[in-house]
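**Q** Next up is a structure, given as structure tokens.
2 protein chains.
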Amino acid sequence: MDRIKVLVVDDHPMVLEGMQTMLSQIDFVTVSGQAGNAYQAMEMIKEHSPDIVITDISMPEISGIELSAKIRKEYPAVKVIAMSTFNERSYISQMVQNGALGYILKSASREEIEEALLTVYKNRLYMSVEVELSRQEINKIPLLTSREKEVLSLIAEGFTNTQIADKLFVSAYTVDSHRKNLLTKFEVGNTAGLIKLAARYGLI
Amino acid sequence: MDRIKVLVVDDHPMVLEGMQTMLSQIDFVTVSGQAGNAYQAMEMIKEHSPDIVITDISMPEISGIELSAKIRKEYPAVKVIAMSTFNERSYISQMVQNGALGYILKSASREEIEEALLTVYKNRLYMSVEVELSRQEINKIPLLTSREKEVLSLIAEGFTNTQIADKLFVSAYTVDSHRKNLLTKFEVGNTAGLIKLAARYGLI
DNA sequence: AAAAAATACCGCCGCCTGGTGGGGTTATCA
DNA sequence: TGATAACCCCACCAGGCGGCGGTATTTTTT
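Line by line, the protein sequences are chains R and Z. Going by the working numbering, 9 is the number at position 9 of the first sequence; the sequence numbering is gapless. Going by the working numbering, 380 is the number at position 176 of the second sequence; the sequence numbering is gapless.
Written as structure tokens, this is what we have:
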């Protein structure tokens, strides 16, 4: 097998250097270059035609998501692995929709990067374990009605049942019912637990 | 001037490698080692006695904050620079309280790391520009006593005053007092607002 | 000695929690 | 087409506990 040519894209120099070092320790990989933004990345692809592009998601100007779409359009043979921190899980589906074949976290070990590269090279989907785990957690996020979302936001802002009732022109009992349904859906026993989960899921 | 001996601590191998590479490009720096956790870090300090330790904040088991406190206690001559991602700014005040002299983000450039090292080496405080900008928000984070942090965590997990009292072997009245102090310190009117702010500040 | 933290207590008001059910809309199917 | 189910929004009640205003002692820290 030929060595896999990899291009790394990230606006953080530290990550760029770290990835470069880690990739150079893998014997079947040749790093064909580094790019600090999407423009540089497109140029490097044109010049070096890498097999795989590993790109950060959140970058100024053009995001990794847009870059991925651009690559798929102009260079469909080039495979994309998306990379992010723990806190950007919500982008996973967007990346996959835009043609990314892999998804890893910046905390990935050398072994994991190796596996991701090999899997994606064979044109198969790779998801890091942590991502997969958090995907299940995402599926645990209850489906809320629009009214429930409304009430949840107001509770989070510290309003009481009565105040919320006044704002929504309904009885305080009604607000209370919504609150209770929220507690049931989130499987928590009181407001504190509710707000904590809502914050974790990015709902407030 | 002798070369500054630097130890890097981070549980993400990619950051470790990246920082190592970037530091090796600075002529007045010698990297005296890498550590993947706080235990390794303490051993390396004992062995190599570095001038400066650059440590990640959020690490499993022992956090960078605790590590910083430990270093100040056992090796007061060793200076600490804290490092985090964008999303963990709330820890800055805690780090400074625990003896860190500098604070940089993982997106720092080589030049910025250089400046941070030189400043801290002279025993002066260094804050990266991005951090400085958000410091005003950080100053709003109330200083909590250890007991208050404990109670806050338990409230966030959904326990009632009585349950918390049982866990801490104190009266429910006491727990209530702590709760009231928390509400006052956070300037909120009820538990919902308390948990929301605590979550935003990364305290729970 | 002074300040801060942790502890403990009282009483009132009302929000919060647990349980129950009615009216309206939509979807599906016999 | 009428029946049934599912879901949402709304409403009510009883009781417990939280929210909130105090006061005060003991322990620890500075």
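Virtual Cβ for every residue (Gly too), placed ideally from N, Cα, C.
1) Would the beta-carbon of Z:Glu318 fall within 8 angstroms of that of Z:Ile230?
2) Smallest Cα separation from R:Tyr152: which of R:Ala35, R:Ser107, R:Gly193?
3) Please classify R:Thr225: is it buried, with 16 or more other beta-carbons within 10 angstroms of its beta-carbon, or exposed?
4) Using DSSP with H/G/I as helix, E/B as strand and the rest coil, what is R:Ala77?
5) Give me the Cα-Cα distance between R:Glu74 and Z:Ser253, rounded to the nearest whole angstrom.
6) Closer than 8 angstroms by C-beta to Z:Leu337: which residues in its own chain qualify, once you throw out the five before and the five after it? Chain order, please.
7) Compare the C-alpha of Z:Lys326 against each of Z:Glu247, Z:Ser267, Z:Ile256 and name the closest.
8) Chain R partners of Z:Ala396, CB-CB under 7 angstroms?
9) First and last residue of the beta strand (DSSP E) that includes R:Val29?
10) Going by the CB atoms, is the gap between Z:Val210 and Z:Val235 shorter than 8 angstroms?
11) With which residues is Z:Gly393 paired in a DSSP beta bridge?
12) Report yes if the CB atom of Z:Val284 is closer than 8 angstroms to the CB atom of Z:Leu305, and no otherwise.
13) CA-CA distance, R:Asp223 and R:Val9?
14) Could you tell me the distance, in whole angstroms, from the CA atom of R:Thr184 to the CA atom of Z:Gly237?
15) List the endpoints of the continuous beta strand (DSSP E) containing R:Asp56.
16) Considering only the beta carbon of each residue, do R:Pro13 and Z:Ser313 sit closer than 8 angstroms?
17) Show which residues of chain Z have a CB atom less than 7 angstroms away from the CB atom of R:Lys70.
18) How would you list, in chain order, the residues of chain R whose beta-carbon sits under 7 angstroms from the beta-carbon of Z:Lys310?
19) Anyone know if the C-beta pair for Z:Ile275 and Z:Ile249 falls short of 8 angstroms?
20) I believe Z:Thr289 touches Z:Leu309 by the beta-carbon criterion, under 8 angstroms. Please report the beta-carbon distance rounded to the nearest angstrom.
21) Please list, in chain order, all residues of the same chain as Z:Ala320 whose beta carbon is under 8 angstroms from its beta carbon, the five residues on each side excluded.
22) Tell me the rounded alpha-carbon separation between R:Phe28 and Z:Lys371.
23) Output, in chain order, the set of chain R residues within a Cβ distance shorter than 8 angstroms of Z:Ala403.
24) Which residue comes first and which comes last in the alpha helix (DSSP H) that contains Z:Gly222?
25) Where does R:Leu183 fall in DSSP's three states?
26) In the stretch 20-41 of chain R, which residues sit with their C-beta less than 8 angstroms from some C-beta in chain Z, listed in chain order?
27) May I ask which residues mark the beginning and end of the alpha helix (DSSP H) holding Z:Leu322?
28) Closest Cβ-Cβ distance between Z:Gly222 and chain R: below 8 angstroms?
29) By a C-beta neighbour count over all protein chains shown, 10 Å radius and 16 as the cutoff for buried, is R:Lys196 buried or exposed?
30) Please report whether the beta-carbon of R:Val188 lies at a distance below 8 angstroms from any beta-carbon of chain Z.
31) Would you kindly work out how many angstroms separate the C-alpha atoms of R:Tyr201 and Z:Met223, rounded to a whole number?
32) Distance cutoff 8 angstroms, beta carbons only. Does Z:Arg314 sit that close to anything in chain R?
33) Could you compute how far the alpha carbon of Z:Ser381 sits from the alpha carbon of R:Ser177?
34) Just the C-alpha distance for R:Ile67 and R:Ala38, rounded to the nearest angstrom, thanks.
35) Any heavy atom of the ligand SAM inside 7 angstroms of the beta-carbon of R:Asp166?
**A** In short:
1) In contact: Z:Glu318 and Z:Ile230 (Cβ atoms closer than 8 angstroms).
2) Inspection of the sequence shows that residue 152 of chain R is occupied by Leu rather than by Tyr. The residue from R:Ala35, R:Ser107, R:Gly193 with its alpha-carbon nearest to that of R:Leu152 is R:Gly193.
3) Residue 225 of chain R is absent from the model: chain R starts at 1 and stops at 204.
4) In this structure, R:Ala77 counts as coil in the three-state DSSP scheme.
5) Distance between R:Glu74 and Z:Ser253, taken at the CA atoms: about 53 angstroms.
6) The predicted model places Z:Leu337 with a pLDDT of 47, which falls under 50 and marks its position as unreliable; any figure quoted below should be read in that light. Same-chain partners within the cutoff: there are none.
7) Residue Z:Ile256 is the option with its Cα nearest to Z:Lys326.
8) For Z:Ala396, the residues of chain R that pass the 7 angstroms Cβ criterion are Ile155, Ala156, Gly158, Thr191, Ile195, in the order they occur in the chain.
9) Taken as a continuous stretch (DSSP letters only), the beta strand (DSSP E) holding R:Val29 covers 29-35.
10) Closer than 8 angstroms, so yes.
11) Z:Gly393 pairs with nothing; no bridge assigned.
12) Going by C-beta atoms, Z:Val284 is nearer than 8 angstroms to Z:Leu305.
13) Not covered by the structure: residue 223 of chain R. The range shown for chain R is 1 to 204.
14) Rounded to whole angstroms, R:Thr184 to Z:Gly237 spans 51 angstroms at the Cα level.
15) Judged by DSSP secondary structure, R:Asp56 falls within the beta strand (DSSP E) whose first and last residues are 52-56.
16) Against a cut-off of 8 angstroms, the Cβ pair of Z:Ser313 and R:Pro13 comes out as a contact.
17) Contact of R:Lys70 with chain Z by beta-carbon distance below 7 angstroms is absent, the smallest such distance being about 23 angstroms.
18) Per Cβ cutoff of 7 angstroms: His12, Met14.
19) Cβ distance < 8 angstroms, so Z:Ile275 and Z:Ile249 count as in contact.
20) Indeed they touch by this definition, with Cβ atoms about 7 angstroms apart.
21) Here the set comprises Ile285, Gly306, Ile308, Ala312, Tyr330, Ser332.
22) Cα to Cα, the separation comes out at about 55 angstroms.
23) For Z:Ala403, the residues of chain R that pass the 8 angstroms Cβ criterion are Ile195, Lys196, Ala199, Arg200, in the order they occur in the chain.
24) Run containing Z:Gly222: 217-228, per the alpha helix (DSSP H) assignment.
25) Three-state DSSP puts R:Leu183 in a helix.
26) Result list: Gln20, Thr21, Met22.
27) Bounds of the alpha helix (DSSP H) holding Z:Leu322 are 314-325.
28) Z:Gly222 counts as touching chain R.
29) R:Lys196 should be labelled buried.
30) Interface residue, yes.
31) Taking the CA atoms as reference points, R:Tyr201 sits about 32 angstroms from Z:Met223.
32) Taking Cβ atoms only, chain R reaches closer than 8 angstroms to Z:Arg314, which makes this a yes.
33) Pairing Z:Ser381 with R:Ser177, the inter-Cα distance amounts to about 30 angstroms.
34) Looking at the sequence shown, residue 67 of chain R is not Ile but Leu. Rounded to the nearest angstrom, the two C-alpha atoms are 6 angstroms apart.
35) This structure lacks the ligand SAM, and indeed carries no ligand of any kind.
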